[in-house]
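In what follows, a single structure is set out as structure tokens and then discussed.
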Amino acid sequence: MATLTDFRKVGDSVRNWGRWGAADELGTLNFITPAKVAAAARLVRHGRVFPLGIDFGSSGPQGAFQFRQNPTHLMTVDGGDAETLVEYGPKWLRNSVAGQLSGFFEDNPFRFNDDMVVMPLQAATQWDAFSHVYYDDKLYNGFPANSVTSLGAFHCGIDKVDSKGITSRGVLLDLVKHRGADTFLAPGEPITPDELDEVAARQGVTIESGDIVLVRTGWWNRFLEAGDGTEPYSGLDWRCAQWLHEHEIAAVAADNLMVEDPVSGVTGTFLPMHMLCLRDMGLMLGEYWDFTALAADCAADGVYEFQLIAPPLRVVGAVGSPINPIAIK
Ligand code: UVW
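Residue numbers (my numbering): 9 to 337.
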């Protein structure tokens, strides 16, 4: 088991602060150059599209954290109410909702539905922004932690990475297939940096600068079977942060709650890889991605690289964003 001193040494060795300038809020997304984006687009050869997002709804995976709930979807206008509104709406003031809607519906065939969603931004498939996790009162690139206020993140918000798309070459590392697991990795054996190299070699794929690495642990399939968001899982060992740094990875995503193994490998702190990736490296983490169909296709044709497109919503000052990423081969 590593100590906080070991952790801090790794932090010093992977820290990217100042690497792309004192004002930088893109972090390792800087590895995605225009040439990289163009090369990723050339990986599209067959037009096969794989949506990697999970359903946003009440059947979602929340349960592990009491401060997060599944998305609540509400109808604000339901066309089924139209006839009733026409009958009763005029009795309401015209500037009320019922009054306005009855005005739209009376004496014409026009009908419509509207809706809204209430959800934590981290409730389903998502990116963690750099401002999501920090320590020692500093965010990525040394920005002060108190720049994240009740009004949102003035630094390192998810809106700051918009210029990068986010799109690049995606590489799937299928740990489920590699370990010969049935559907998911058993908890208690975190994925090591050496294992990431072994999987890449076995799959015949070279990891390159600016890649977005997708790690399949099978947790999403386990959740679909068990229907319980608190199901234990395996993830990346915290030392994989060094591997991501050495390979100049732009971002990493997994099919589980936190990408990294929930059992900390560092005595005295929770989520050490989050701290190294988001705060020291400026490397975004993607969570709750569904690789089931993509993994089946990669296993069938032996091609584990593709164009990946995963734009966050421009929620100003948000520390994360829902997404529906797509891989195209
Ligand atoms: C936390 O870091 C608390 O959560 P997550 O990375 O799953 O969004």
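In this text, a Cβ means the ideal position worked out from N, Cα and C, and glycines have one as well.
Distances between the C-beta of Val-125 and the heavy atoms of ligand 1 are all 7 Å or more. Gly-107: member of the alpha helix (DSSP H) spanning 105-113, first to last residue. Listed in chain order, the non-local C-beta contacts of Ser-66 below 6 Å within the same chain comprise Asn-78, local neighbours out to five positions each way being set aside. Here DSSP, grouped into helix, strand and coil, assigns Lys-146 to strand. Collapsing the DSSP output to three states places Thr-11 in coil. In chain order, Phe-192, Glu-239 place their CB closer than 6 Å to the CB of Arg-230, counting only its own chain and leaving out the 5 sequence neighbours on each side. Contact between Tyr-96 and Met-283 does not hold, since the beta-carbon distance rounds to 57 Å and is not under 8 Å. Proximity of the beta carbon of Met-266 to ligand 1 is indicated: a heavy atom of the ligand is located closer than 7 Å.
Judged by DSSP in its simplified three-state form, Thr-92 adopts helix. Secondary structure remark: continuous beta strand (DSSP E) runs of at least 3 residues inside the region 179-230, in chain order: 220-224.
In this structure, the beta-carbon distance from Ser-110 to Val-85 does not fall below 8 Å. Per DSSP, Ala-307 lies in no beta strand (DSSP E); the unbroken alpha helix (DSSP H) holding it starts and ends at 300-309.
Sorting Tyr-148, Cys-285, Ala-262, Val-207 by C-alpha distance to the C-alpha of Ala-307 places Val-207 at the top. In the DSSP assignment, Glu-268 is bridged to Leu-244. For Asp-89 and Gly-196, the gap between their C-alpha atoms comes out near 53 Å.
When distances are taken from the beta-carbon of Gln-70 to the heavy atoms of ligand 1, even the shortest one reaches 7 Å or more. Scanning its chain for C-beta atoms nearer than 7 Å, with the 5 sequence neighbours on each side dropped, one finds around Ala-153 the residues Tyr-142, Asp-145, Lys-146, Leu-147, in chain order. Here the alpha carbons of Thr-277 and Val-271 stand approximately 10 Å from one another. Ser-329 sits in a strand when the DSSP states are folded into three classes.
Under DSSP, Ser-176 forms a beta bridge with Leu-316.
For Ala-43, the enclosing alpha helix (DSSP H) has its first and last residue at 42-49. Counting every other CB atom within 10 Å of its CB across the protein chains shown gives Asp-202 a total below 16, marking it as exposed. For Gly-294, the enclosing beta strand (DSSP E) stretches over residues 292-295. Excluding sequence positions up to five before and after Ala-189, its CB lies within less than 7 Å of the CB of Gly-226, all in the same chain and listed in chain order. With respect to the C-alpha of Met-9, the residue from Arg-247, Leu-286, Arg-76, Leu-265 having the closest C-alpha is Arg-247. Taken from the Cβ of Gln-74, every heavy atom of ligand 1 lies 7 Å or farther away. The C-beta separation of Trp-297 from Ala-262 comes to about 7 Å, placing the pair in contact by the 8 Å criterion. In this structure, Gln-130 has its CB closer than 7 Å to one or more heavy atoms of ligand 1. A distance below 7 Å between beta-carbons, with the five flanking residues on each side excluded, links Met-124 to the following residues of its chain, in chain order: Leu-82, Thr-84. In the DSSP secondary-structure assignment, Pro-152 is bridged to Lys-146.
Rounded to the nearest whole angstrom, the CA to CA distance from Phe-39 to Glu-256 is 7 Å.
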